[in-house]
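**Student:**
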Amino acid sequence: MKYWKYGRIKKRVFVVLALCLLALCIPILLLQFYLTDGIKSNNIADFTIGEPSSDQRILGLGINADNADDGNYILNNSFEPLVYCKNLIINSGDENTMKIEMSDDPQLGEYPNDFFIGSKATVSTIDQDGKRKLKKTGIIHSYLTDQIDEFFLAELPPDLPQNIDWLVIANYTKRVLIGGTDGYILIFDSLSEPVLTSVPSKQMISGIFDLNDELYAIDIAGNLFQLKDDQNWKFLYNASKISLNKKIEISELDSKQKIIKLDEENISDTNKETIKTNIIKWTSAASTQDKDGNWQYMLVGENGHYAFGNSESIYHNQLKEKININAVTANYFGFYLIGDQNYISFTKNGEQFRNIDLSVSTDWQAISSRDSEVLIVGSQGQIAYSQDGLVFQSLNNDDIREISIKHSDQNQTIVFNPNFISCSILSNEQLLLIDDQGLLYHSNDLGKTWKQENISLETEDKSETPEKNKIDLIQYLSTGHLIASDEKGQILFTVLSLSIELDGPLEDGIYQNGDVIQIEQLSEKPIFDMNSKQGEQISGEWYVSNPDQAEIQFSERASGQGRSALKINLDEENKNYTELTGLYTGDVKSFSATDDFVILQEIDPSFKEKMNTESLFSYEFWAKSDQKVEIALSFGNLNIDIEPVKNTIQGDWKKYYGAIILPKNSLAEDKTPCFQINLNGEGNIYFDNICVTSSNLKQSEFQANYPEKSIGGETLRIQFTKIGDDRYPSESWLDSNSSYSFFYQKDTQIELLKQNNLVKSMEYCKSVQANPWLIIDSQANSNELKHLMQYLFGSESETYGELRLEQGAVSRYSDIFDQIYIEITDLNGLLINDSQKESYVNWIINVIKETPEYL
4 MKYWKYGRIK KRVFVVLALC LLALCIPILL LQFYLTDGIK SNNIADFTIG EPSSDQRILG
64 LGINADNADD GNYILNNSFE PLVYCKNLII NSGDENTMKI EMSDDPQLGE YPNDFFIGSK
124 ATVSTIDQDG KRKLKKTGII HSYLTDQIDE FFLAELPPDL PQNIDWLVIA NYTKRVLIGG
184 TDGYILIFDS LSEPVLTSVP SKQMISGIFD LNDELYAIDI AGNLFQLKDD QNWKFLYNAS
244 KISLNKKIEI SELDSKQKII KLDEENISDT NKETIKTNII KWTSAASTQD KDGNWQYMLV
304 GENGHYAFGN SESIYHNQLK EKININAVTA NYFGFYLIGD QNYISFTKNG EQFRNIDLSV
364 STDWQAISSR DSEVLIVGSQ GQIAYSQDGL VFQSLNNDDI REISIKHSDQ NQTIVFNPNF
424 ISCSILSNEQ LLLIDDQGLL YHSNDLGKTW KQENISLETE DKSETPEKNK IDLIQYLSTG
484 HLIASDEKGQ ILFTVLSLSI ELDGPLEDGI YQNGDVIQIE QLSEKPIFDM NSKQGEQISG
544 EWYVSNPDQA EIQFSERASG QGRSALKINL DEENKNYTEL TGLYTGDVKS FSATDDFVIL
604 QEIDPSFKEK MNTESLFSYE FWAKSDQKVE IALSFGNLNI DIEPVKNTIQ GDWKKYYGAI
664 ILPKNSLAED KTPCFQINLN GEGNIYFDNI CVTSSNLKQS EFQANYPEKS IGGETLRIQF
724 TKIGDDRYPS ESWLDSNSSY SFFYQKDTQI ELLKQNNLVK SMEYCKSVQA NPWLIIDSQA
784 NSNELKHLMQ YLFGSESETY GELRLEQGAV SRYSDIFDQI YIEITDLNGL LINDSQKESY
844 VNWIINVIKE TPEYL
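In this note's numbering, the protein residues as written are 4 to 858.
(1) Between Thr148 and Ser430, is the Cβ-Cβ spacing less than 8 Å?
(2) Is it right to say Gly381 is buried, meaning 16 or more other beta carbons lie within 10 angstroms of its own, or is it exposed?
(3) In terms of residues, what are the limits of the beta strand (DSSP E) holding Met301?
(4) Would you call the stretch 506-518 in contact with the stretch 65-84, where contact means no fewer than 3 C-beta pairs closer than 8 Å?
(5) On the three-state DSSP scale, how would you describe Thr184?
(6) Assign Asp506 to buried or exposed, taking buried as 16 or more other Cβ atoms, counted over all protein chains shown, within 10 Å of its Cβ.
(7) Going by CA-CA distance only, name the one from Phe336, Tyr857 and Ser842 that's closest to Trp131.
(8) My output table needs one value for Gly312: the three-state DSSP class, helix, strand or coil.
(9) Measure the beta-carbon distance from Asn320 to Tyr309 and round it to whole angstroms, keeping in mind my assumption that it falls under 8 Å.
(10) Under the assumption that Tyr479 contacts Glu544 (Cβ atoms under 8 Å), give the Cβ distance between them as a whole number of angstroms.
(11) Could you compute how far the alpha carbon of Pro855 sits from the alpha carbon of Ser798?
(12) With DSSP as the reference, please indicate the residues paired to Gln234 in a beta bridge.
(13) Tell me the rounded alpha-carbon separation between Asn241 and Thr291.
(14) How would you label Ala596, buried or exposed, when you count the other beta carbons within 10 angstroms and need 16 or more for buried?
(15) DSSP state of Leu795, grouped into three classes?
(16) For the stretch 723-741 against the stretch 771-785, are there 3 or more C-beta pairs whose distance is under 8 Å?
(17) With a threshold of 8 Å, are at least 3 pairs of Cβ atoms found where one atom belongs to the stretch 137-157 and the other to the stretch 120-127?
(18) At a cut of 8 Å, does the stretch 638-656 reach the stretch 522-533 through at least three beta carbon pairs?
(19) Can you tell which of Glu153, Asn668, Gln556 and Ile693 has its C-alpha closest to the C-alpha of Phe678?
(20) Starting from Asp438, trace the beta strand (DSSP E) both ways and give me its first and last residue.
(21) Pick helix, strand or coil for Thr291, following the three-state DSSP scheme.
(22) With a cut-off of 8 Å, does the C-beta of Ser733 fall near any C-beta of chain B?
(23) Just confirm the distance between the C-beta atoms of Leu569 and Phe690, as a whole number of angstroms; I'd bet it's less than 8 Å.
(24) May I ask which residues mark the beginning and end of the beta strand (DSSP E) holding Gly804?
(25) Count Cβ pairs between the stretch 495-503 and the stretch 95-106 that sit closer than 8 Å; are there 3 or more?
(26) Mapping the DSSP letters down to three states, classify Ala71 as helix, strand or coil.
(27) Entirely within the stretch 630-686 and at least 3 residues each: give me those beta strand (DSSP E) ranges in chain order.
(28) Classify Ser817 as helix, strand or coil using the three-state DSSP reduction.
(29) Assess contact between the stretch 571-580 and the stretch 603-621, defined as three or more Cβ pairs (one per stretch) separated by less than 8 Å. Is contact present?
(30) Which residues in the same chain as Ser548 place their Cβ atom closer than 7 Å to its Cβ, once the five residues preceding and following it in sequence are excluded?
(31) CB-CB under 7 Å to Pro550, same chain, minus the five flanking residues each way: which ones, in chain order?
(32) Here's the rule: buried if 16 or more other CB atoms are within 10 angstroms of the residue's CB, otherwise exposed. What is Pro161?
(33) Can you tell me the Cα-Cα spacing of Ile522 and Leu91, whole angstroms?
(34) Is it the case that the Cβ atoms of Lys261 and Ile223 are separated by a distance below 8 Å?
(35) Here's the rule: buried if 16 or more other CB atoms are within 10 angstroms of the residue's CB, otherwise exposed. What is Gly225?
(36) Residue ranges of each beta strand (DSSP E) run of no fewer than 3 residues wholly in the stretch 141-213, ordered along the chain?
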């Protein structure tokens, strides 16, 4: 692979590697012609990188340094916020609003409501010449997820029989299954052309669920089937044949069981006296995976019958109420059951049930859940909703009745209280209901108000009025779609959209297909529950005596020490603390009773051996308080107790520093040492940038990790200072005059990242007599690039030139180094095709060329 550089351009000594390194395998000749717009041929030289790509020495150029160790034993030391970035392709819009398909990133609907309100946004476009161009920057004013758009008719298999009623919609990853009468099940992969399957019993499908990534279906007679080879269903057992009050191993089930069939008379009318007592009709099924990763499922039916099982065993029992259970749903809490006579209950294990009484008279008909939210609908227009899965409330109001009366009046049959038969939950406080008239009710404020939505499909003859479809089933899909069936057996779907508005309209033009918006929002704490088991240590976690008294906040922070700081409110009457709680994970640890408020971080195990060789440790931190606070600093979990170092904190931000003596052999083999701060006082106290190092290392000094000890005269690739990386806040390379580490969250996982101040990195290159090689990743924006140029090469009279001087630089770096290399890359794979990569590289070069520092 080849690279290009150009140097000594006009008055500035500057080198650009116009490439996307390693991960972007674009043909070399193509790179030479279209990734170097504006670079004249006499300024281009080439060199190669050693193979394999993991080789840390770059042949003929320099050395890669992937990490820098500042010697700090404290991780997450600056209490930095977590950053959440999104790069979204706009599908359509106008001068105010842009629309993005949720199916491109369904996780958009999982963020808390209003989370991205107030976040920074940059919109770019590709002009007629194929060049990237800034279109708009601003602050997000409106951010609405799961917006319903035009519905489309799904193409169904030509061999599908007529008059099929669809009763169940299930969604697992990108696969959608729709079950109906006569045992038919449609299977869609990403809503592409479906496959028509059927279970051997040829009876109505009442439930579909997954278990350990395997798909199962149950019919009205309780026959359970497993999907084999994507099209064929294998009969496993009949739930009705399992004895009551008996738990049986799946391996012990009678292999000679036969499929049970119900006659038409029994299916159509549950109240007829001819029903046989030994025949149970099964109405619904659900499954869930609990927080420990264990899969469970539940089958429910008439007269209170239910079965609770997992991959190893099944248990059949009957509610003492013996009322019909009409539906079941599940989330990570457990299972929610609804039925006739106002029956609602919750169970975790199929043995203990918690009944939920709403004091209304109805037969509950349908239920839907999404995360912790649960929505229940019934006859007589009754609606119940819970946001946390624990407390339910009735949502009945006059809007429901008015919509029903207005529609039924047109059909000469007045329906005051609709009979609801299906429901679904969307993000952004949206609820959907279907009644047996085929009406769709929509609320965007959790049921405070309702309106009627019409689902119409465009006809080929534009002069005709589109016929309104009567919907009888609706379901939200985790793929960012909404899917429904109508009374004709048609399947309809829409791609839900994200609607975004900035704090001002476009001055010229409209948002259009292909535009890209970059969003960045900061948060003091993780916004998704972390997938960590109890007792699992997360390096960098801070434990505090009472999490209600502690917060990471943006309003107060030490000058030049990042974007946020830790605030502790000591005005608490009850000061008998007996446990510590993790600020980020919520993990609880027992602790010796004390009246002091304690802040504690366990030392990462990788540092333990190094600590054993030291006896004197230096510390420094920034602090402020509005009242006098006494603090004591020490190491804990040792073989012996050591005398803490005491300080008094009072007044505005100030750096405190000192030393802690640690006797030799004081570390216990079976304990994890910790750094501990005890607080005694009142008022509010703030901490920022806590550093504990070996005393023989200067505070905030770091050493880069690379194979050679001396590289004088060569080039050092500074991989440990991130610029334009989507996991880091923009311009985080100048947030602190030292090094710091902080948390980054992806889905439910937490990762500890390190960032080093750019001036420190440049000064380090200077100290080892190496030219710097900087890396710009694919999340950089125009402001960041302009500030980078001013920070490196601008006059001290400019804002970022002055900051460079304050953070330790002697002069601008064009006067210090012979050459500076800039690599343009996409390490996290945000650019999806060669065209985007080409455009991004050319755009960075053009932005740099337009800065005053370039000339």
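Glycine is no exception: its CB is placed at the ideal position from the N, C-alpha and C atoms.
Computed from a predicted structure; not experimentally measured.
**Tutor:** By the coordinates alone:
(1) yes
(2) buried
(3) Under the DSSP assignment, Met301 falls in the beta strand (DSSP E) whose first and last residues are Trp298 to Gly304.
(4) No: fewer than three Cβ pairs fall under 8 Å.
(5) helix
(6) By the neighbour-count criterion, in which 16 or more other beta carbons inside 10 Å mark a residue as buried, Asp506 falls on the exposed side.
(7) Before going further, note that residue 131 is Gln rather than Trp in the sequence given. When only C-alpha atoms are compared, the closest one is Ser842.
(8) strand
(9) 6 Å
(10) That belief does not hold up - the Cβ atoms of Tyr479 and Glu544 are roughly 35 Å apart, past 8 Å.
(11) 10 Å
(12) Answer by DSSP bridge pairing: none, since Gln234 is not bridged.
(13) Cα to Cα, the separation comes out at about 21 Å.
(14) exposed
(15) Residue state, collapsed to three classes: helix.
(16) yes
(17) Flag = yes, the stretch 137-157 and the stretch 120-127 touch.
(18) Note that the stretch 638-656 does not touch the stretch 522-533; fewer than 3 beta-carbon pairs, one per stretch, sit closer than 8 Å.
(19) The shortest Cα separation from Phe678 among Glu153, Asn668, Gln556 and Ile693 belongs to Ile693.
(20) Gln433 to Asp438
(21) When DSSP states are grouped into helix, strand and coil, Thr291 belongs to the strand group.
(22) Structure shown: chain B not included; a single protein chain is present.
(23) Your pair Leu569 and Phe690 checks out as a contact, with CB atoms roughly 5 Å apart and the cut at 8 Å.
(24) Not the beta strand (DSSP E): Gly804 falls in the alpha helix (DSSP H), residues Thr802 to Glu809.
(25) Touching, yes, given that three or more Cβ pairs across the two stretches are closer than 8 Å.
(26) Strand.
(27) Segments of the beta strand (DSSP E) lying fully in the stretch 630-686: 648-664 and 677-684.
(28) helix
(29) Verdict: no, contact absent.
(30) Tyr580, Leu583, Phe600 and Val601
(31) Thr584 and Leu586
(32) exposed
(33) 8 Å
(34) no
(35) buried
(36) 169-175, 178-183, 187-192 and 198-201
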